[in-house]
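One structure is given here, and the rest of the page talks about it.
Protein chains: 2
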Amino acid sequence: MLQEREQFAGYLRGQGLRLTGERLALFEEIYRQHGHLDADALLAAVRERGHRVSRATVYRTLDLLVRSGLVRKQRVGARGQLFEHVHPGQQHDHLVCSACGRVVEFVSPGITALQAEICRAHGFSPAHHQLQITGLCNACRDEAAAQAHA
Amino acid sequence: MLQEREQFAGYLRGQGLRLTGERLALFEEIYRQHGHLDADALLAAVRERGHRVSRATVYRTLDLLVRSGLVRKQRVGARGQLFEHVHPGQQHDHLVCSACGRVVEFVSPGITALQAEICRAHGFSPAHHQLQITGLCNACRDEAAAQAHA
DNA sequence: CGCTCAATTGAGACGACGTCTCAACACGCG
DNA sequence: CGCGTGTTGAGACGTCGTCTCAATTGAGCG
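Protein chains in written order, with the numbering used here: chain A, 236 to 385; chain B, 236 to 385.
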């Protein structure tokens, strides 16, 4: 994480921007979190630690983090966008249960190869991909089956 | 399309719902369109043909079409959700240019196999998937290169 | 054919989410 | 210290989708 922090600081320096307390607090919080979280959750978590930060600053800082390549922004599930810090060399994707909304992460080694091939065929330079499989998780499938019986 | 219309009518009948003029107009319009479109575009297209339909009805009908399995709803690109009628046996995915926002469809035969394997490993029953590759299209890559030169 | 009642609709209020504006503030530098 | 630019918070604003509710429609039935 120290390396990432240096990357963030370097990006800001290079753009003539400042590494303020708010930005640092948001950066650290997003790296403390294991999975994805939305802007509101991030705001709540940072405030929980005693920082006074506004919603606008959360979105502005997330935008900077995305630009610096440290954070990924995705639209997954029903609404809103989720943020998560980038895991170097290990991009994961999502299984979404359409009944309970649960999101499970998985790693798909085969996807990257397919991605490169598809992009070559269409003249695209891929930056990253986002695969989302929608379906029913174990629990919800069983529940649906039980209801169908009754 | 007659078959699909029958499927829609059958779904409605089965639920004790009615096949009204508004629903039929929306159904036909979404099948006239080749690719994806958003709710506003659909509303405009239907009004263009002389039907008076409200925004609420558009969303309500789209929901019915999704439930009946005829239409797919996806979040792709920056904001909003896109709708498109289902092409039987040929699910396509999307390349999104992060510079100009252009969306290109492609078919990925290998994805379905990977999908099934991943779901098996995680105890999911897949309903469908959504793969989105973000990057730069040919034109925008050239433009970016030209700007870097100048 | 007209009744009845549930389904459907349109208009607009509402809610979630993200962006923008602007005045006040902070920080680096001469 | 004072200047200038970057940053911030509060809240207004815009977009997109949902919800409410009164008016309307339409299918089934006598």
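Where is the CB? At the ideal position from N, CA and C, for every residue including glycine.
From a predicted model like this one, the values you see are computed outputs, not experimental measurements.
Q. Is B/Pro323 helix, strand or coil when you go by DSSP?
A. What you label residue 323 of chain B is simply residue 88 of the second sequence in a count that begins at 1. The answer is coil: DSSP assigns B/Pro323 none of H, G, I, E or B.
Q) Residues of chain B with a CB under 9 Å from the CB of A/Ala362: which are they? A) Counted from its first residue, the first sequence places residue 362 of chain A at position 127. Within 9 Å Cβ-Cβ: Ser333, Ile368, Thr369, Gly370, Leu371.
Q | C-beta neighbour in chain B for A/Ser303, strict 9 Å | A | Here the question's residue 303 of chain A lines up with position 68 in the first sequence. Output row for A/Ser303: interface = no.
Q. Between A/Val306 and A/Ile265, is the Cβ-Cβ spacing less than 9 Å?
A. Residue 306 of chain A sits at position 71 when you count from the first residue of the first sequence. Residue 265 of chain A sits at position 30 when you count from the first residue of the first sequence. Inclusion of A/Val306 and A/Ile265 in the CB contact set at 9 Å is warranted, their separation being smaller than that value.
Q. A/Gln367 and B/His322: beta carbons closer than 9 Å?
A. Taking the first sequence and counting its residues from 1, the one referred to as residue 367 of chain A is at position 132. Taking the second sequence and counting its residues from 1, the one referred to as residue 322 of chain B is at position 87. Cβ atoms of A/Gln367 and B/His322: not closer than 9 Å.
Q: Below 8 Å CB to CB, which residues in the same chain sit around B/His286 once its five sequence neighbours on both sides are set aside?
A: If you number the second sequence from 1, residue 286 of chain B lands on position 51. Take B/His286, set aside five residues on each side of it, and the residues of its chain with a beta-carbon closer than 8 Å to its own are Gly256, Glu257, Ala260, in chain order.
Q) What do you get for A/Cys434, buried or exposed, if any count of 16 or more other CB atoms within 10 angstroms of its CB means buried? A) Residue 434 of chain A lies beyond the residue range present for chain A, which begins at 236 and ends at 385; the question has no answer from this structure.
**Q.** Neighbouring residues, chain B, relative to A/Arg290 (Cβ below 7 Å)
**A.** Here residue 290 of chain A refers to the residue found at position 55 when the first sequence is read from its first residue. Those within 7 Å of A/Arg290 in chain B number zero; the least Cβ separation is about 18 Å.
Q. At a cut-off of 8 Å, is A/Gly336 close to the ligand ATP when judged by its beta-carbon and the heavy atoms of the ligand?
A. With respect to the ligand ATP, the structure shown offers nothing to examine, as it has no ligands at all.
Q | CB of A/Gly370 within 9 Å of CB of B/Ala362, strictly | A | Taking the first residue of the first sequence as 1, we reach residue 370 of chain A at position 135. Taking the first residue of the second sequence as 1, we reach residue 362 of chain B at position 127. Taking the C-beta atoms as reference points, B/Ala362 is found nearer than 9 Å to A/Gly370.
Q | Residues of the stretch 342-360 of chain A whose Cβ lies closer than 8 Å to any Cβ of chain B, in chain order | A | Taking 8 Å as the Cβ-Cβ cut-off, the stretch 342-360 of chain A approaches chain B at Ser343, Gly345, Ile346, Leu349, Gln350, Ile353, Cys354, Ala356, His357, Gly358, Phe359, Ser360, given in chain order.
Q) Quick one: is A/Val339 near chain B, going by C-beta distance under 9 Å? A) Residue mapping note: residue 339 of chain A aligns to position 104 of the first sequence, counting from 1. Closer than 9 Å: yes.
(Q) Can you pull out the residues from the stretch 237-265 of chain B whose beta carbon lies closer than 8 Å to at least one beta carbon of chain A? (A) Within the stretch 237-265 of chain B, not one residue has a Cβ closer than 8 Å to any Cβ of chain A.
Q) Counting pairs of beta carbons, one from the stretch 292-310 of chain B and one from the stretch 263-281 of chain B, are three or more of them closer than 8 Å? A) With the cut-off at 8 Å, the stretch 292-310 of chain B and the stretch 263-281 of chain B touch.
Q: Would you give the residue range spanned by the alpha helix (DSSP H) that A/Gln350 belongs to?
A: By 1-based counting over the first sequence, the position of residue 350 of chain A is 115. Run containing A/Gln350: 344-357, per the alpha helix (DSSP H) assignment.
(Q) Can you give me the C-alpha to C-alpha distance between B/Arg282 and B/Phe243, rounded to a whole angstrom? (A) The residue you call residue 282 of chain B lines up with position 47 of the second sequence. The residue you call residue 243 of chain B lines up with position 8 of the second sequence. Counting only the Cα atoms, B/Phe243 lies some 21 Å from B/Arg282.
Q. Name the DSSP beta bridge partners of A/Val306, please?
A. Taking the first sequence and counting its residues from 1, the one referred to as residue 306 of chain A is at position 71. Note: A/Val306 sits in a beta bridge opposite A/His320.
Q.
So with CB distances below 7 Å, who are the chain B contacts of A/Arg310?
A. Against the first sequence, residue 310 of chain A aligns to sequence position 75. Listed along the chain, the chain B residues whose CB falls inside 7 Å of the CB of A/Arg310 are Arg310.
Q) For A/Arg295 and chain B, any beta-carbon pair shorter than 9 Å? A) Position 60 of the first sequence holds residue 295 of chain A. For A/Arg295, the answer is no, since every Cβ of chain B falls outside 9 Å of its Cβ.
**Q.** Neighbouring residues, chain B, relative to A/Arg287 (Cβ below 8 Å)
**A.** Within the first sequence, the letter at position 52 stands for residue 287 of chain A. Chain-order list of chain B residues neighbouring A/Arg287: empty, with the shortest C-beta distance near 29 Å, by a criterion of under 8 Å.
(Q) For a cutoff of 9 Å on Cβ pairs, would you count A/Leu330 as touching chain B? (A) Translated into the one-based positions of the first sequence, residue 330 of chain A becomes position 95. A/Leu330 counts as touching chain B.
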